[in-house]
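Participant:
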Amino acid sequence: MNRKQTEPAEGIVIRGLFKSFGDNAVLRDLNAGIRGGKITCITGPSGCGKTTLLSILLGLSQADSGEILGIEGLRAAAVFQEDRLCGKLNALANILLVCGPNVRREDAVALLEQMGIERSHHLKPVCELSGGMRRRVALARALLAESDWLALDEPFKGLDEQTRQLVQQELLLHTKGKTVLLITHEEEDIQALQADRLVLPGPLSSAPSSVQEPV
Amino acid sequence: MAQKKQTVQTPADRDEKQRKQRLSLAGAAVFWLLIWQAASLWIGQEILLVSPVTVLKTLGQLIVSPTFWRSVGFSFVRIVSGFTLAWALGVGLAVAAAWSPLLRKLLTPLTATIKATPVASFIILALVWIPSRNLSVFISFLMVLPIVYINCLSGILQVDRELLEMARVFRVPLRRRLLYIYLPDVMPFLISAASVSLGLCWKSGIAAEVIGLPTGSIGERLYEAKIFLQTGELFAWTVVIILVSVAFEKLVLALLRMLQQRLERTVTP
Numbered sequence: 001m002n003r004k005q006t007e008p009a010e011g012i013v014i015r016g017l018f019k020s021f022g023d024n025a026v027l028r029d030l031n032a033g034i035r036g037g038k039i040t041c042i043t044g045p046s047g048c049g050k051t052t053l054l055s056i057l058l059g060l061s062q063a064d065s066g067e068i069l070g071i072e073g074l075r076a077a078a079v080f081q082e083d084r085l086c087g088k089l090n091a092l093a094n095i096l097l098v099c100g101p102n103v104r105r106e107d108a109v110a111l112l113e114q115m116g117i118e119r120s121h122h123l124k125p126v127c128e129l130s131g132g133m134r135r136r137v138a139l140a141r142a143l144l145a146e147s148d149w150l151a152l153d154e155p156f157k158g159l160d161e162q163t164r165q166l167v168q169q170e171l172l173l174h175t176k177g178k179t180v181l182l183i184t185h186e187e188e189d190i191q192a193l194q195a196d197r198l199v200l201p202g203p204l205s206s207a208p209s210s211v212q213e214p215v
Numbered sequence: 001m002a003q004k005k006q007t008v009q010t011p012a013d014r015d016e017k018q019r020k021q022r023l024s025l026a027g028a029a030v031f032w033l034l035i036w037q038a039a040s041l042w043i044g045q046e047i048l049l050v051s052p053v054t055v056l057k058t059l060g061q062l063i064v065s066p067t068f069w070r071s072v073g074f075s076f077v078r079i080v081s082g083f084t085l086a087w088a089l090g091v092g093l094a095v096a097a098a099w100s101p102l103l104r105k106l107l108t109p110l111t112a113t114i115k116a117t118p119v120a121s122f123i124i125l126a127l128v129w130i131p132s133r134n135l136s137v138f139i140s141f142l143m144v145l146p147i148v149y150i151n152c153l154s155g156i157l158q159v160d161r162e163l164l165e166m167a168r169v170f171r172v173p174l175r176r177r178l179l180y181i182y183l184p185d186v187m188p189f190l191i192s193a194a195s196v197s198l199g200l201c202w203k204s205g206i207a208a209e210v211i212g213l214p215t216g217s218i219g220e221r222l223y224e225a226k227i228f229l230q231t232g233e234l235f236a237w238t239v240v241i242i243l244v245s246v247a248f249e250k251l252v253l254a255l256l257r258m259l260q261q262r263l264e265r266t267v268t269p
């Protein structure tokens with residue numbers, strides 16, 4: 001049973017986060033509070049450090065300084081900027097490879113179908129699927145994986161309006177009570193998901209990135 | 001507008017193509033055997049160039065003698081032992097070096113030296129330390145080790161880093177990472193290492209036996225045939241070495257391909 005479905009998740013607090021690549025300061029004194037058990041959409045112009053922030057939160061890159069509270073030891077699930085699927089494996093195998101015996105095959109099949117991927121595509125190697133289908137497989141993998149919080153980097157990229165709505169419904173259904181950080185450029189996504197908003201300032205802004213009061 | 005004609009290859013087409021390839025290969029082999037026979041007849045001295053017919057006859061005489069099988073067994077066990085040891089250590093070192101850049105740096109000049117040094121130098125040097133009975137174990141081991149190490153390391157290093165990060169985030173267990181992320185990428189490198197090293201282990205192993213002359217080995221029989229100018233026997237033993245080496249190569253490659261196919265079939269975890 002997922003702990004986060006019965007207990008309200010605690011929030012994430014980011015304090016004084018700095019990250020630069022060479023001379024390029026991407027995150028400058030970022031202070032933010034993210035409400036636990038809610039969806040927070042991270043927005044901002046290109047190059048403002050949205051993906052870098054998720055990467056730091058996922059433990060894939062190190063911040064130069066600052067601290068992050070509230071996610072230590074928690075299990076993460078993610079949709080990365082790239083799909084990061086095993087190309088030779090089929091859609092189901094990609095999901096089951098990550099989820100293991102915790103997820104039943106029927107549940108994976110059902111979710112893929114609900115996201116608009118027909119059964120005939122489930123057993124094809126994912127390298128033969130369209131970009132939009134691969135994106136949905138990546139999202140289905142993140143939604144089914146056992147996790148305490150989710151980091152989703154533009155999960156609706158390449159989806160048409162109708163599919164986007166289908167996928168958003170599944171996202172809401174599968175992440176109830178979980179903390180979700182979702183990068184998007186679309187205002188409609190924030191509205192549809194009734195999400196909190198975390199706006200990162202542009203890379204040329206000299207202001208520190210204090211964007212939201214810590215919870 | 002002209003439509004592009006698409007041809008779909010059926011299994012029957014594939015079989016037919018393979019049959020034709022085998023036939024043309026056999027034709028080429030027969031052509032060179034005829035050239036060999038003609039050259040032998042033209043020279044007219046079997047001591048200089050024995051005919052393929054004589055080689056076949058000598059081979060027939062050798063096969064029925066028990067010492068033939070003992071010699072083949074003696075060399076086979078030692079060369080295959082060296083090969084197996086090299087694979088075990090080569091894969092182990094490659095895994096360790098993939099994790100440790102320091103070890104990788106330390107091993108680079110060593111493997112480069114082994115690859116560049118003539119096998120005869122190693123054989124003569126090793127004879128000082130190792131009894132000639134086990135010389136072929138060491139030499140085939142030494143020749144195969146860098147090939148396995150370098151290929152396996154290249155395979156591990158080119159495994160998709162992004163997939164490994166994904167596996168880390170999702171906390172995918174090591175067994176599943178090995179089976180579904182590492183092995184599919186490393187397998188082609190292992191098959192390539194096998195096809196190169198299989199022939200080499202026999203060539204170097206027999207060379208070690210010819211120089212070290214361990215009693216009862218193929219190398220010793222080859223050397224004796226040369227000393228006593230038994231050209232027929234010399235050619236017959238060479239044919240034996242080629243046949244055993246090719247058979248071993250086919251067996252190992254078939255096993256590796258079977259493993260790879262099995263892996264691809266069981267990709268649904």
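So the protein sequences, as listed, match chains P and H.
In case it helps, the working numbering puts the first sequence at residues 1 to 215.
In case it helps, the working numbering puts the second sequence at residues 1 to 269.
The beta carbon of each residue, even a glycine, is placed where N, CA and C say it ideally should be.
All figures in this text were calculated on a predicted structure; none of them were measured in a lab.
#1: Spell out the partners DSSP gives N24/P in its beta bridges.
#2: Assign K115/H to one of two classes, buried (16 or more other C-beta atoms within 10 Å of its C-beta) or exposed (fewer than that).
#3: Name the chain H residues that come within less than 7 Å of R84/P, Cβ to Cβ?
#4: Tell whether a beta-carbon distance below 9 Å holds between H185/P and L111/P.
#5: Based on the DSSP output, what are the partners of C41/P in its beta bridges?
#6: Is the region 166 to 181 of chain H close to the region 90 to 101 of chain H, with three or more CB pairs under 8 Å?
#7: For A76/P versus A151/P, is the C-beta spacing smaller than 9 Å?
#8: CB-CB under 7 Å to L234/H, same chain, minus the five flanking residues each way: which ones, in chain order?
#9: Please look up how many angstroms separate the CB atoms of L89/H and A97/H, rounded, as I've assumed it's under 8 Å.
#10: What are the complete alpha helix (DSSP H) segments, minimum 4 residues, inside the region 205 to 230 of chain H?
#11: Is L182/P close to chain B, meaning its C-beta is less than 9 Å from at least one C-beta of that chain?
#12: Output needed for R136/P: all residues of its chain with C-beta closer than 8 Å, excluding positions within five of it in sequence on either side, in chain order.
#13: Beta carbon of L107/H, beta carbon of I191/H: below 9 Å?
#14: So is I241/H buried or exposed if we call it buried at 16+ other beta carbons inside 10 Å?
#15: Check each candidate in L263/H, T84/H and K57/H and name the one with the smallest Cα separation from V186/H.
#16: Check whether the Cβ atoms of L123/P and L92/P lie closer than 9 Å to each other.
#17: Following the continuous alpha helix (DSSP H) through V79/P, name the residue where it begins and the one where it ends.
#18: Can you find at least 3 beta carbon pairs, one from the region 195 to 214 of chain H and one from the region 13 to 21 of chain H, that sit closer than 8 Å?
#19: Report buried or exposed for N102/P, applying the criterion of at least 16 other Cβ atoms within 10 angstroms of its Cβ.
#20: Using the C-alpha atoms, what's the distance from L142/H back to R70/H?
#21: Once you ignore the five residues that flank E220/H on each side, which residues in its own chain have a CB closer than 7 Å to its CB?
#22: I think K88/P touches C127/P, with their Cβ atoms under 8 Å apart; what is that distance to the nearest whole Å?
#23: CB D148/P to CB C41/P, shorter than 9 Å?
#24: With a floor of 4 residues, list each alpha helix (DSSP H) that falls wholly inside the region 115 to 164 of chain H, ordered by position along the chain.
#25: In chain order, what are the residue ranges of uninterrupted beta strand (DSSP E) at least 3 long that sit wholly in the region 118 to 155 of chain P?
#26: Have a look at L143/P and L171/P and give me their C-alpha separation to the nearest angstrom.
#27: Would S65/H be called buried (16 or more neighbouring beta carbons within 10 Å of its own) or exposed?
#28: Is it buried or exposed for K19/P, if we count other Cβ within 10 angstroms and need 16 for buried?
#29: Near A236/H, what residues of its chain come up, given a Cβ to Cβ distance below 7 Å and the 5 sequence neighbours on each side ignored?
#30: Quick check on the DSSP output: the alpha helix (DSSP H) that includes E106/P runs from which residue to which?
Facilitator: According to the structure data:
#1: F21/P
#2: exposed
#3: E162, L163 and M166
#4: no
#5: L182/P and R197/P
#6: no
#7: yes
#8: L222, A225 and K226
#9: L89/H to A97/H, Cβ: 12 Å. No contact.
#10: 218 to 227
#11: This model lacks chain B altogether; the protein chains it does include are P and H.
#12: L112, M115, G116, I117, L159, T163 and V167
#13: no
#14: buried
#15: L263/H
#16: yes
#17: Premise fails: V79/P lies in the beta strand (DSSP E), A76 to V79, not in any alpha helix (DSSP H).
#18: no
#19: exposed
#20: 25 Å
#21: E209, L213 and P214
#22: 7 Å
#23: no
#24: 119 to 129 and 135 to 157
#25: 149 to 153
#26: 7 Å
#27: exposed
#28: buried
#29: V55, T58, L59 and L62
#30: R105 to Q114
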